[in-house]
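Those protein sequence lines, which keep their order, are chains A and B. 347 is the number that this note's numbering gives the last residue of the first sequence; the numbers go up by one with no jumps. 347 is the number that this note's numbering gives the last residue of the second sequence; the numbers go up by one with no jumps. First the structure, in the form of structure tokens, and then the observations on it.
There are 2 protein chains.
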Amino acid sequence: MSNEHDSLRAIVWNNDALQLLDQRVLPHETRYLTLRTPEEIANAIKEMVVRGAPAIGITAAFGMVLAARQAFARDKNDWKSLIKKDFQLLAASRPTAVNLFWALAKMQQLIDNLDNYDDSTLLNEAQRIHAVDITDNYRMGDLGSAFIEPNSNVLTHCNTGSLATGGYGTALGVIRSAYRAGNISQVFADETRPWMQGSRLTAWELVQDQIPVTLIVEGAAASLMREKSIRWVIVGADRITANGDVANKIGTYNLAVLAKYHGVKFMVVAPTSTIDMNLANGEMIPIEQREPVEILKFKGQSVSANGATAWNPAFDMTPASLVDVIVTERGVVENPTLEKIQTLFR
Amino acid sequence: MSNEHDSLRAIVWNNDALQLLDQRVLPHETRYLTLRTPEEIANAIKEMVVRGAPAIGITAAFGMVLAARQAFARDKNDWKSLIKKDFQLLAASRPTAVNLFWALAKMQQLIDNLDNYDDSTLLNEAQRIHAVDITDNYRMGDLGSAFIEPNSNVLTHCNTGSLATGGYGTALGVIRSAYRAGNISQVFADETRPWMQGSRLTAWELVQDQIPVTLIVEGAAASLMREKSIRWVIVGADRITANGDVANKIGTYNLAVLAKYHGVKFMVVAPTSTIDMNLANGEMIPIEQREPVEILKFKGQSVSANGATAWNPAFDMTPASLVDVIVTERGVVENPTLEKIQTLFR
């Protein structure tokens with residue numbers, strides 16, 4: 002599993018606390034926050050100390066370990082019912098990424114099945130979720146990179162690497178694997194306004210792992226596709242519905258439309274924990290609306306005129322018709338449909 | 002010509018100097034710079050104190066007035082040949098907007114035809130270029146707004162208003178006129194990375210003139226078109242070729258592709274001085290490449306990891322096939338072709 006292009010871990014369990022690399026201050030500061038309660042964990046997710054669908058899921062799983070410890074310390078008999086409000090708090094931290102609910106449900110089911118409080122069982126499960134995520138990312142790296150022809154230029158969006166997952170990454174994992182295989186000529190990355198995950202996080206990861214990266218503003222994507230012979234747009238996902246519609250970071254749907262127009266292939270890389278078979282299509286996905294201030298200010302400084310407002314959805318929805326391939330740890334789905342996605346789960 | 006939604010002028014002639022509103026520090030500071038030499042003028046264009054194709058043209062025309070004054074003061078006999086290097090300096094300030102070369106050529110022709118140095122003839126011509134630009138913008142406002150149906154939501158890009166022109170604006174002039182006519186429900190504006198002309202300039206102009214504006218990141222444009230029933234994308238141009246291809250601020254071509262996909266109409270508003278009949282198509286337009294640092298830093302602060310680079314074309318090219326209408330002061334051209342554009346000049 003070792004890989005010369007994979008050196009970072011953003012989520013670290015440390016005996017009695019979860020340590021999270023604070024992604025709000027990267028790349029200028031490398032600061033780990035130490036979180037000891039489910040309240041602190043929920044807040045860290047909400048405030049985007051940690052972000053990225055798989056990373057949020059893993060973080061929430063450890064949050065449930067801490068919730069159970071806290072509950073058991075308070076009431077050795079009624080600890081299971083005390084956990085309920087922590088479950089709700091963690092579930093309410095962000096609405097769009099389904100991995101959060103998937104991980105919480107997994108932990109809750111384990112708790113429901115316990116006769117007696119058992120810290121090591123819960124901790125083992127959270128650590129297993131974390132470890133499996135990394136293994137799955139390596140698997141997706143292999144499966145996705147098989148599509149990348151030699152001498153390819155690729156474009157990615159937001160951050161889908163070690164910082165967004167347990168490690169290695171989803172879309173960025175595929176890019177890492179394809180780069181290692183020698184098939185990628187140039188990696189382009191959208192800077193990804195308004196949070197700048199591309200500039201701040203993806204560029205930082207790739208530079209650390211010695212993969213050259215060229216940033217663009219989102220507005221340059223169409224020109225880039227026309228002028229730089231982009232072969233693939235490779236992105237992650239926050240939720241994929243049963244028919245293959247994809248919710249992901251705002252700007253993804255733009256890229257999918259532009260890719261179709263330019264004959265560029267469009268790949269979505271996500272573990273099956275990102276697939277929500279309960280939703281028939283993408284119109285049913287709750288899209289988080291965030292504060293206008295994220296667009297109107299930059300690092301606390303006002304950019305815009307007083308009196309202007311902003312529309313700030315954090316995610317968008319790309320219809321399955323614009324997706325060439327979904328890569329999961331269970332296999333790939335080309336030209337996704339309900340039937341093909343159902344097959345993944347058999 | 003008066004209009005309650007038109008209160009700003011960014012270019013002011015003041016006896017012996019040109020005053021330019023410094024657009025690099027808006028909206029935080031309202032500072033006019035006083036420029037007295039063609040060198041200062043060329044530098045102001047290069048450094049983006051003034052930007053926007055028509056505004057650059059007007060500024061360059063005043064630059065030639067100052068060049069002639071300076072040349073005549075140095076050598077009363079050979080002043081015409083002394084001007085040549087100033088002409089070159091001004092012509093080299095920025096490459097893409099053709100209005101610059103158009104205005105310089107107009108002034109040079111006048112100089113060539115003068116028997117004797119005549120400051121007032123030159124100054125009158127520069128002032129006429131400025132005044133006609135404003136008149137033309139009002140005319141385009143009328144012509145363009147006739148296309149805007151009642152209750153329309155519109156999206157614009159970059160800044161094409163009073164700050165980008167002699168006054169009133171091209172695309173923003175159409176928006177002003179259509180708003181005044183009561184046909185616009187909501188104005189959305191791309192923030193326009195990396196220079197933030199949308200947030201810093203367009204929002205500032207519209208707020209000053211009491212037209213409500215909602216900013217979006219460029220990545221949200223496709224979602225906006227799908228979810229907010231956008232009727233028109235309305236943009237300016239830096240150069241239009243004989244066949245109707247359009248060079249404009251990076252991000253324009255993105256919007257044109259996204260508009261086509263969503264059935265949103267796409268309008269380009271520019272005076273005929275922006276049309277370059279010497280170029281057959283958009284592939285021949287020189288696209289200015291600017292420094293990566295404009296993307297990698299924000300207000301002097303590094304945003305990205307050290308070691309990352311950026312691809313930073315300042316403009317892009319939208320093919321005529323994606324343009325529904327070009328609005329000029331001489332009339333409108335729907336579904337532009339070479340023949341239709343030639344007709345404008347007859």
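Note that the Cβ used here is the ideal one computed from N, Cα and C, for glycine as well. Fair warning: this is a prediction, and the values are worked out from it, not measured in the lab.
Applying the criterion that 16 or more other CB atoms from any shown protein chain within 10 Å of the CB defines a buried residue, is residue i buried or exposed?
{"i": "residue 29 of chain A", "result": "exposed"}
{"i": "residue 211 of chain B", "result": "exposed"}
{"i": "residue 2 of chain A", "result": "Here the model assigns residue 2 of chain A a pLDDT of 42, short of 50, so the residue's position is not dependable, and the following value carries that caveat. By the neighbour-count rule (16 or more Cβ atoms within 10 Å), residue 2 of chain A is not buried but exposed."}
{"i": "residue 347 of chain B", "result": "exposed"}
{"i": "residue 89 of chain A", "result": "exposed"}
{"i": "residue 54 of chain A", "result": "buried"}
{"i": "residue 198 of chain B", "result": "buried"}
{"i": "residue 329 of chain B", "result": "buried"}
{"i": "residue 39 of chain B", "result": "buried"}
{"i": "residue 19 of chain A", "result": "buried"}
{"i": "residue 188 of chain A", "result": "buried"}
{"i": "residue 302 of chain B", "result": "exposed"}
{"i": "residue 283 of chain B", "result": "buried"}
{"i": "residue 337 of chain B", "result": "buried"}
{"i": "residue 307 of chain B", "result": "exposed"}
{"i": "residue 165 of chain A", "result": "buried"}
{"i": "residue 116 of chain B", "result": "exposed"}
{"i": "residue 24 of chain A", "result": "buried"}
Name the two residues that bound the continuous alpha helix (DSSP H) containing residue i.
{"i": "residue 181 of chain A", "result": "172-181"}
{"i": "residue 248 of chain B", "result": "Unbroken run through residue 248 of chain B is the beta strand (DSSP E), 247-250; no alpha helix (DSSP H)."}
{"i": "residue 295 of chain B", "result": "294-297"}
{"i": "residue 43 of chain B", "result": "39-47"}
{"i": "residue 332 of chain B", "result": "Looking at the DSSP string, residue 332 of chain B is not in any alpha helix (DSSP H); the run it does join, the beta strand (DSSP E), is 332-335."}
{"i": "residue 344 of chain A", "result": "339-345"}
{"i": "residue 282 of chain B", "result": "From DSSP, residue 282 of chain B is part of no alpha helix (DSSP H); its letter is neither H nor E."}
{"i": "residue 66 of chain A", "result": "54-75"}
{"i": "residue 258 of chain B", "result": "253-263"}
Taking residue i as the query, report the chain B residues whose CB atoms sit under 7 Å from its CB, ordered along the chain.
{"i": "residue 205 of chain A", "result": "306"}
{"i": "residue 102 of chain A", "result": "Simply none; closest approach about 23 Å."}
{"i": "residue 290 of chain A", "result": "Correct list: empty, because the minimum Cβ distance to chain B is about 11 Å."}
{"i": "residue 7 of chain A", "result": "Here the premise fails: no neighbours, minimum Cβ distance about 17 Å."}
Along chain A, which residues have their Cβ under 9 Å away from the Cβ of residue i?
{"i": "residue 169 of chain B", "result": "Under the 9 Å cutoff, chain A gives no residues; its nearest Cβ is about 18 Å from residue 169 of chain B."}
{"i": "residue 96 of chain B", "result": "What residue 96 of chain B touches in chain A: nothing, since even the nearest Cβ is about 16 Å away."}
Going along chain A, which residues have a C-beta under 7 Å from residue i?
{"i": "residue 258 of chain B", "result": "223, 258, 259, 262"}
{"i": "residue 195 of chain B", "result": "218"}
Given that residue i touches chain A, what residues does it touch there, using C-beta distances under 8 Å?
{"i": "residue 312 of chain B", "result": "189, 215, 216, 217, 221, 225, 229"}
{"i": "residue 208 of chain B", "result": "306, 307, 308, 309"}
{"i": "residue 252 of chain B", "result": "218, 219, 220, 221"}
For residue i, which of the options has the nearest alpha-carbon?
{"i": "residue 37 of chain B", "options": "B/60, B/25, B/252, B/201", "result": "B/60"}
{"i": "residue 104 of chain A", "options": "A/154, A/92, A/191", "result": "A/92"}
{"i": "residue 109 of chain B", "options": "B/95, B/228, B/126, B/199", "result": "B/126"}
{"i": "residue 182 of chain B", "options": "B/209, B/153, B/196, B/171", "result": "B/153"}
{"i": "residue 6 of chain B", "options": "B/159, B/168, B/65", "result": "B/168"}
{"i": "residue 119 of chain B", "options": "B/94, B/80, B/138, B/344", "result": "B/80"}
{"i": "residue 72 of chain A", "options": "A/63, A/160, A/83, A/264", "result": "A/83"}
{"i": "residue 315 of chain B", "options": "B/213, B/278, B/196, B/339", "result": "B/196"}
{"i": "residue 134 of chain A", "options": "A/179, A/270, A/282, A/245", "result": "A/270"}
{"i": "residue 180 of chain A", "options": "A/249, A/132, A/32, A/156", "result": "A/156"}
{"i": "residue 236 of chain A", "options": "A/272, A/293, A/201", "result": "A/272"}
{"i": "residue 219 of chain B", "options": "B/165, B/254, B/147, B/241", "result": "B/254"}
{"i": "residue 344 of chain A", "options": "A/309, A/321, A/268, A/244", "result": "A/244"}
{"i": "residue 151 of chain A", "options": "A/138, A/176, A/130", "result": "A/176"}
{"i": "residue 42 of chain B", "options": "B/67, B/98, B/266, B/234", "result": "B/67"}
{"i": "residue 178 of chain A", "options": "A/192, A/147, A/240", "result": "A/147"}
{"i": "residue 62 of chain A", "options": "A/48, A/124, A/323", "result": "A/124"}
{"i": "residue 217 of chain A", "options": "B/281, B/274, B/276, B/290", "result": "B/290"}
Could you check where the beta strand (DSSP E) with residue i kicks off and where it finishes?
{"i": "residue 18 of chain A", "result": "18-22"}
{"i": "residue 33 of chain A", "result": "33-36"}
{"i": "residue 328 of chain B", "result": "326-329"}
{"i": "residue 273 of chain A", "result": "Here residue 273 of chain A belongs to no beta strand (DSSP E), and DSSP marks it neither H nor E."}
{"i": "residue 80 of chain A", "result": "Looking at the DSSP string, residue 80 of chain A is not in any beta strand (DSSP E); the run it does join, the alpha helix (DSSP H), is 80-92."}
List, in chain order, every chain B residue whose beta-carbon is nearer than 8 Å to that of residue i.
{"i": "residue 296 of chain A", "result": "192, 200, 216, 217, 218"}
{"i": "residue 299 of chain A", "result": "299, 300"}
Does any heavy atom of the ligand MG sit closer than 8 Å to the C-beta of residue i?
{"i": "residue 185 of chain B", "result": "Ligands displayed in this structure: none; no statement on the ligand MG is therefore possible."}
Within 9 Å of any Cβ in chain E, is that where the Cβ of residue i sits?
{"i": "residue 31 of chain B", "result": "Going by chain labels, chain E is absent from the structure shown, which instead holds the protein chains A and B."}
Please give me, in chain order, every unbroken run of the beta strand (DSSP E) with length at least 3 that falls completely inside the segment 160-239 of chain B.
Runs of the beta strand (DSSP E) inside the segment 160-239 of chain B: 185-191, 214-217, 231-236.
So within the segment 94-161 of chain A, which uninterrupted alpha helix (DSSP H) runs reach at least 4 residues, ignoring any that extend past its ends?
100-114, 120-146
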